[in-house]
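Chain order of the listed sequences is Z and V.
Using this note's numbering, you'd call the opening residue of the first sequence number 1 and step up by one each time.
Using this note's numbering, you'd call the opening residue of the second sequence number 1 and step up by one each time.
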Amino acid sequence: MASRKLGPEFTYDLSEFRRVDPDLIHYEQSAAVGTGLKEPRGIAVGPEDRLYVAGDRAVRVFGSDGRAAGDWATQMDPRCVAVAPAGTVYVAAADHVEAFAADGRRETAWKPAGQPSLITGLAAADGDVFASDAAACAVWHYSAAGELLGRIDGRPAPAAAAKDAGGPGFIVPSPYFDVAVGPAGVLLVANPGRRRVELYTYDGIFKSSWGAASFKIEGFCGCCNPTHLSALPGGRIVTSEKGLPRVKVYAPEGRLASVVAPPAAFDEAAAGLDVAADSAGRIWVLDPLARQVRLFTRKKTAPAEAKP
Amino acid sequence: MSEPKKQLSRREMLRRGALGAGLAGVAGTAAVLAARTARSGTVWQLDPEKCIQCGNCAVNCVLDPSAVRVVHAFALCGYCDLCFGYFPPGFEPDDEFETPGAESQLCPTGAILRRWTEGPHFEYTIDEALCIGCGKCVKGCGAFGNGSLFLQVRHNRCLNCNECSIAAACPAGAYRRVPADHPYLLKGEDQKA
Ligand code: SF4
Ligand code: SF4
Ligand code: SF4
Numbered sequence: 001m002a003s004r005k006l007g008p009e010f011t012y013d014l015s016e017f018r019r020v021d022p023d024l025i026h027y028e029q030s031a032a033v034g035t036g037l038k039e040p041r042g043i044a045v046g047p048e049d050r051l052y053v054a055g056d057r058a059v060r061v062f063g064s065d066g067r068a069a070g071d072w073a074t075q076m077d078p079r080c081v082a083v084a085p086a087g088t089v090y091v092a093a094a095d096h097v098e099a100f101a102a103d104g105r106r107e108t109a110w111k112p113a114g115q116p117s118l119i120t121g122l123a124a125a126d127g128d129v130f131a132s133d134a135a136a137c138a139v140w141h142y143s144a145a146g147e148l149l150g151r152i153d154g155r156p157a158p159a160a161a162a163k164d165a166g167g168p169g170f171i172v173p174s175p176y177f178d179v180a181v182g183p184a185g186v187l188l189v190a191n192p193g194r195r196r197v198e199l200y201t202y203d204g205i206f207k208s209s210w211g212a213a214s215f216k217i218e219g220f221c222g223c224c225n226p227t228h229l230s231a232l233p234g235g236r237i238v239t240s241e242k243g244l245p246r247v248k249v250y251a252p253e254g255r256l257a258s259v260v261a262p263p264a265a266f267d268e269a270a271a272g273l274d275v276a277a278d279s280a281g282r283i284w285v286l287d288p289l290a291r292q293v294r295l296f297t298r299k300k301t302a303p304a305e306a307k308p
Numbered sequence: 001m002s003e004p005k006k007q008l009s010r011r012e013m014l015r016r017g018a019l020g021a022g023l024a025g026v027a028g029t030a031a032v033l034a035a036r037t038a039r040s041g042t043v044w045q046l047d048p049e050k051c052i053q054c055g056n057c058a059v060n061c062v063l064d065p066s067a068v069r070v071v072h073a074f075a076l077c078g079y080c081d082l083c084f085g086y087f088p089p090g091f092e093p094d095d096e097f098e099t100p101g102a103e104s105q106l107c108p109t110g111a112i113l114r115r116w117t118e119g120p121h122f123e124y125t126i127d128e129a130l131c132i133g134c135g136k137c138v139k140g141c142g143a144f145g146n147g148s149l150f151l152q153v154r155h156n157r158c159l160n161c162n163e164c165s166i167a168a169a170c171p172a173g174a175y176r177r178v179p180a181d182h183p184y185l186l187k188g189e190d191q192k193a
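In structure tokens, the structure reads:
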């Protein structure tokens, strides 16, 4: 049988959107660490800029130079990890958080906060731990000892009249929902279904938001991005997206400052690009398909960063 | 505040990795199917996990339009306001995007219908009479969303040829015969023959 042909209108083509102005790419890959994990899922940077990678019922620890420094077995299947300034390592399975001492000893397993639950992001400050739950569309606020202190759902308090007081809450269409600790008591939450980053107090009071839906490099593409975020020294924020896998740095007020890695740096199907920054502003990016954590550092030729 | 019921049920499904697809008319075609499959008790189906949306399903079927159509697994869907299985790549939303014109739709045949449900959530359904099984929306949904749109041989149309001419042309080896009483390979469901 002679086969028929589809016209050009049936072609699906993202190539135009995968291109990025090279002048915006201020970072370059300077190293890559093989995780040795089949399904690495989350990363964090801790004291002395150590790198923690969670996945495959393990947490792997690397020095700031990428050399292996520890390998802890976990009883649960970890999805994300965070490290408090004092060194306690928090690891989350889908439905609960466990705390580990800096030497890898498991200290406590906390009670699940919600049901159903799918924890996809963790952040730790001095005395506070936050777990973003994609199934509950909420961020659980714990004390460092595991006491549940609150539930942040991004919805305005009943009395709040302000138009932008938080809106319909966190919209989480796919299993990516991240949280990070920003400077001075600010909690950063990715609201992927609204294609924006929202800022809260630790008590869940909405402060502000920035970000817009757009395929342009300034925006967050697709139905639900950013998938991950982390704070950089000086208040800037690094984000990652899926669909068009790209990693970018934004100034504290939400202006695009730099592209860290354009779509061309990744496999087209790359997703789950967890990000973490160290004290020098270097950016680690988890590349689950490559089973690596890739280190991006600022190019020597990059323009000076604007002061926040 | 409690979650909307639909959202909870979707999340429950996401968590369990199970789903049900919107296959209108499946039950109504059982008798037709039984008659067509009397010879072997099997029918042709494509595995959506293997399919790479090459376009051959739309043009290699002995039927024109093809017996292959897109189906929608509602339980996997994010009910997104900005669905990129529905909007074309690069679509930039403005204040009017809740009632988009044909030029703002990805499907060249206008086979995807978009309906507001609640809050920022929209439901997407397929007008099977218009779908030709090209797979373009499957690509968009897979790239940006949850992959809830996927192709299936629709057994209210398929002639169950001895040698399926799409199977012979499929570069992904996605076609196989499956038991006629489990004629669909729904994403996330353990229906492997
Ligand atoms: S021929 Fe195979 S790969 Fe191509 S669209 Fe059909 S099932 Fe998918
Ligand atoms: S884009 Fe192609 S597969 Fe999708 S609904 Fe339209 S005709 Fe069907
Ligand atoms: S068996 Fe025949 S009618 Fe059915 S999909 Fe294949 S070519 Fe089309």
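Here a beta-carbon is modelled for each residue, glycine too, at the ideal position from N, C-alpha and C.
As the structure is a computational prediction, the values presented were derived from the model and not from experiment.
Quick one: which chain V residues come within Cβ less than 7 Å of residue i?
i      : result
Z/A213 : L82 and P93
Z/S174 : G78, G145 and N146
Z/F17  : P89 and G90
Z/I171 : P120
Since residue i and residue j are thought to touch, with beta carbons under 8 Å apart, how far apart are those beta carbons, to the nearest angstrom?
i      : j      : result
Z/G243 : Z/C221 : 6 Å
V/L76  : V/G173 : Actually they are not in contact, since the Cβ atoms of V/L76 and V/G173 sit about 24 Å apart, beyond 8 Å.
V/I112 : V/I132 : Going by Cβ atoms, the distance from V/I112 to V/I132 rounds to 12 Å, so no, they are not a contact pair.
Z/T108 : Z/A99  : 5 Å
Z/A313 : Z/A144 : Residue 313 of chain Z lies beyond the stretch modelled for chain Z, which goes from 1 to 308, so this question has no answer here.
Z/I309 : Z/V275 : No answer is possible for residue 309 of chain Z: it lies beyond the span of chain Z, which begins at 1 and ends at 308.
Z/L273 : Z/L286 : 6 Å
Z/L232 : Z/V249 : 7 Å
Z/L229 : Z/A190 : 5 Å
Z/F309 : Z/E16  : In the structure as shown, chain Z starts at 1 and stops at 308, and residue 309 of chain Z therefore has no counterpart that could be examined.
Z/I43  : Z/L37  : Contact flag wrong, Cβ pair sits at about 11 Å.
Z/L6   : V/C134 : 6 Å
Tell me the residue span of the beta strand (DSSP E) that contains residue i.
i      : result
V/N156 : Element bounds for V/N156: n/a, residue is neither H nor E.
V/R69  : V68 to H72
Z/S230 : H228 to A231
Z/I237 : I237 to E241
V/K201 : Within the shown structure, residues of chain V are numbered from 1 to 193, placing residue 201 of chain V beyond reach of any answer.
Z/P40  : P40 to V45
Z/E107 : R106 to A109
Z/F206 : F206 to W210
Z/K248 : R246 to Y250
If the cut is a Cβ gap below 7 Å, which residues of chain Z does residue i touch?
i      : result
V/A58  : L6
V/P108 : E9 and F10
Which bits of chain Z does residue i rub up against, with CB to CB less than 8 Å?
i      : result
V/G101 : The premise fails here: V/G101 is roughly 16 Å from chain Z at the closest Cβ pair, so nothing lies under 8 Å.
V/G55  : L6 and F10
Interface residues of chain Z around residue i at Cβ under 9 Å?
i     : result
V/P48 : Ordered by position in chain Z, no residue passes the 9 Å Cβ test against V/P48, which lies about 15 Å from the chain.
Taking C-beta pairs closer than 8 Å, name the residues in chain V that residue i reaches, listed in chain order.
i      : result
Z/P168 : G119 and P120
Z/L14  : P89 and A143
Z/G193 : G78, C80, D81 and P120
Z/G185 : Correct list: empty, because the minimum Cβ distance to chain V is about 25 Å.
Starting from the beta carbon of residue i, find every residue of chain V whose beta carbon is closer than 9 Å, and list them in chain order.
i      : result
Z/F266 : Simply none; closest approach about 13 Å.
Since residue i is in the alpha helix (DSSP H), which residue starts that stretch and which ends it?
i      : result
Z/E16  : S15 to R18
V/C57  : N56 to V59
V/A169 : S165 to A169
Is residue i near ligand 5, with its Cβ less than 8 Å from a heavy atom?
i      : result
V/I126 : Ligand 5 is not among the ligands present in this structure, which contains only ligand 1, ligand 2 and ligand 3.
With 7 Å as the C-beta to C-beta threshold (strictly closer), list the residues of the segment 118 to 147 of chain V near chain Z in chain order.
G119, P120, C134, K136, K139, G140, A143, F144, G145 and N146
Pull out every residue of the segment 58 to 72 of chain V whose Cβ sits closer than 8 Å to any Cβ of chain Z, in chain order.
A58, V59, N60, V62 and D64
Examine the Cβ distances between the segment 117 to 128 of chain Z and the segment 174 to 181 of chain Z and report whether three or more of them are shorter than 8 Å.
yes
If we count Cβ pairs, one from each stretch, closer than 8 Å, do we get three or more for the segment 64 to 78 of chain V versus the segment 99 to 106 of chain V?
no
Using a Cβ distance threshold of 8 Å, determine whether the segment 44 to 57 of chain V contacts the segment 176 to 185 of chain V, with at least three qualifying pairs required.
yes
Inspect the CB distances between the segment 114 to 128 of chain V and the segment 80 to 92 of chain V and report whether three or more fall short of 8 Å.
yes
Residues, ordered as in the chain, of the segment 216 to 234 of chain Z that lie near chain V by beta-carbon distance below 8 Å:
K216, C221, G222, C223 and C224
Proximal residues, the segment 240 to 261 of chain Z versus chain A, C-beta separation under 9 Å:
Reference to chain A is not applicable here, since the protein chains of this structure are Z and V.
Taking 8 Å as the cut-off, does the segment 151 to 164 of chain V touch the segment 57 to 65 of chain V (at least 3 CB pairs, one atom from each stretch)?
yes
Is it the case that the segment 225 to 240 of chain Z contacts the segment 200 to 209 of chain Z, given that we only count it when at least three CB pairs across the two stretches are under 8 Å?
no
With a threshold of 8 Å, are at least 3 pairs of Cβ atoms found where one atom belongs to the segment 71 to 85 of chain Z and the other to the segment 51 to 58 of chain Z?
yes
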